[in-house]
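Residue numbers (UniProt numbering): 1 to 600.
Glycine is no exception: its CB is placed at the ideal position from the N, C-alpha and C atoms.
One structure is given here, and the rest of the page talks about it.
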């Protein structure tokens, strides 16, 4: 097709001009003349831009071979409907020619796999319900395997569970390693990988979701009856459902369903693994999956494994060869012989507690790695950057590291504190060596913060000291007493001025202590965070009292127009947001100092 003619036809399709497109088709019915300058057949282009009337008119006039025509990427019109999420056109094309369901594109993917990869939920449901399982299971289950792998990126674990049920043992036997690897690389597939707020977590726990073990089919969601045709109870539920998106309940409910399907799929895989002979079980692959799950904090992965068969957790430990002490090529840089060490190294508190609570928890605590390191040596090593970056401020990062080491220290007992590794280092010596740079950074961070707040506190002291002698309204020339001494607002002014002055002075004294104190490692556990909280609290009180004094002065000068203070209060609130955020971080970590890692 010539370029000018191609542009004319393309514009006609974009504008939805059915007559112009059909006139062109009747004059150029050969397949070679139906390809635009872009390389797309006119049917494909109409599908991409969503012109249903043109697509239907073309399909009605085309022979089967032209409907099945592929572009340069070997994609059919149904493939493009799947990628673009056009369920209406997908239904029409399938009804006209069901063989399109099994035609593969350049990536060797059939339409349902392509739709799943594109994250098109509605069209994926339709294509999956229309695609026979024989298509997914042919060629040694290649299409089924591809669909399973695409379910991770699109979070379609409902389809994954159905494919695993229908595929049976052979499909799981062929794909269990890839499936486990996909699960441990997708923390958001489980509740432990989702950062829900307190109230979202509360809603999540209140919602009840049950995934049936005989789950057998996934079908497209059909729209319900019209509102007028629904019974009274249905109408009330429909009205209530309008509020669910605003409250976030609908999204959280869908999230819990997705997590339920993911756990059910994982449980099904573990059930099959328990039936495999040990010779057929790739212990290294299982080991990597477990350690990766620990690294990413996927608590649900280990729970499902232990609840299905606890031997799956011990098998890779007992049957995988332990590397030599000088071998730095251990399986993915993991301590493969002790999962508790992995949990401690990656600062996964919940998983560490779970492993300790197992019947063989004592074994995990007492095991040592090839370098003769104990779990306390591991706790003394510096956390990864990804773990430290979750906490703002080097001092608070140092506090969390000390808290973690102290909790692990309580597990090993007095004898474990003096145990040395092959380098003749105790756990405390490892802690000091690994955190030397962080300790220096924490000291500099604390001193810099103290200097900034000392300047603020000094300015407040200067202002409030002068304000005590510069009274609003002045003094009576006869007796020297303040003119507004009998006003309530004047009393508020004096009291707030005194509070602001003394609070600012206390804050400056506290922060001066940071400039002169010795920064021992243990100080960052409780004393320094508490001093930070005290300094920030007194500075906050000082600023609040200063604003009250200011508002009292305005009220005295404009007694009948007291509303004028509202903008001042609003501006004060805006200026305090950052300070409150910093204080909240310190408070959270200060409370963490009293929280035990595990319930003993």
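CA-to-CA distance, residue j to residue i, given in whole angstroms
i, j, result
"residue 133", "residue 210", "25 Å"
"residue 433", "residue 205", "43 Å"
"residue 397", "residue 146", "43 Å"
"residue 292", "residue 346", "10 Å"
"residue 540", "residue 192", "36 Å"
"residue 554", "residue 501", "19 Å"
"residue 357", "residue 306", "12 Å"
"residue 187", "residue 194", "8 Å"
"residue 365", "residue 412", "7 Å"
"residue 409", "residue 359", "21 Å"
"residue 311", "residue 393", "42 Å"
"residue 116", "residue 154", "6 Å"
"residue 17", "residue 125", "31 Å"
"residue 223", "residue 87", "Legend: pLDDT at residue 223 = 43, less than 50; position of this residue unreliable, no value from coordinates given."
"residue 507", "residue 361", "47 Å"
"residue 511", "residue 535", "6 Å"
"residue 93", "residue 298", "42 Å"
"residue 3", "residue 136", "40 Å"
"residue 286", "residue 344", "20 Å"
"residue 621", "residue 367", "Since the displayed the chain opens at 1 and closes at 600, residue 621 lies outside it and no answer follows."
"residue 375", "residue 404", "12 Å"
"residue 251", "residue 119", "17 Å"
"residue 455", "residue 259", "51 Å"
"residue 333", "residue 84", "Here the model assigns residue 333 a pLDDT of 45, short of 50, so the residue's position is not dependable and the matter cannot be decided."
"residue 288", "residue 65", "48 Å"
Beta-bridge partners of residue i, as assigned by DSSP
i, result
"residue 35", "41"
Local conformation of residue i per DSSP, three classes
i, result
"residue 207", "coil"
"residue 508", "helix"
"residue 298", "coil"
"residue 390", "coil"
"residue 453", "helix"
"residue 9", "helix"
"residue 359", "coil"
"residue 282", "coil"
"residue 3", "helix"
"residue 100", "helix"
"residue 529", "helix"
"residue 252", "helix"
"residue 308", "helix"
"residue 430", "helix"
"residue 57", "helix"
"residue 107", "coil"
"residue 156", "coil"
"residue 128", "helix"
"residue 62", "coil"
"residue 16", "coil"
"residue 589", "In this prediction, residue 589 has a pLDDT of 46, which is less than 50 and means its spatial position is unreliable; what the coordinates show is noted afterwards. Helix."
"residue 49", "coil"
"residue 370", "coil"
"residue 385", "helix"
"residue 72", "coil"
Given residue i as reference, the closest of the options once Cα atoms are compared
i, options, result
"residue 420", "438, 370, 452", "370"
"residue 429", "195, 188, 382", "382"
"residue 418", "364, 372, 183", "372"
"residue 165", "65, 266, 91, 183", "266"
"residue 49", "18, 376, 14, 301", "14"
"residue 402", "439, 385, 415", "439"
"residue 105", "495, 69, 96, 88", "69"
"residue 208", "185, 184, 249, 177", "249"
"residue 363", "379, 341, 384", "341"
"residue 263", "300, 536, 294, 281", "300"
"residue 27", "61, 295, 379", "61"
"residue 53", "82, 89, 73, 24", "89"
"residue 158", "557, 257, 406", "257"
"residue 487", "552, 85, 458", "552"
"residue 284", "314, 302, 261", "314"
Closer than 6 Å: residue i CB and nearest the ligand HEM heavy atom
i, result
"residue 489", "Of ligands this structure carries none, so the ligand HEM is not represented either."
Using 8 Å as the Cβ pair cut-off and three pairs as the minimum, do the region 111-120 and the region 74-87 touch? yes
Contact between the region 521-529 and the region 540-549 is defined here as three or more beta-carbon pairs at a separation below 8 Å; is this criterion met? no
May I ask you to verify whether the region 414-429 touches the region 445-462, counting CB pairs closer than 8 Å and requiring at least 3? no
Is the region 35-43 touching the region 7-19 in the sense that three or more CB pairs, one from each, lie closer than 8 Å? yes
Does the region 258-272 come within contact of the region 172-188, defined as at least 3 CB pairs closer than 8 Å? yes
Three CB pairs or more closer than 8 Å across the region 490-507 and the region 454-474: yes
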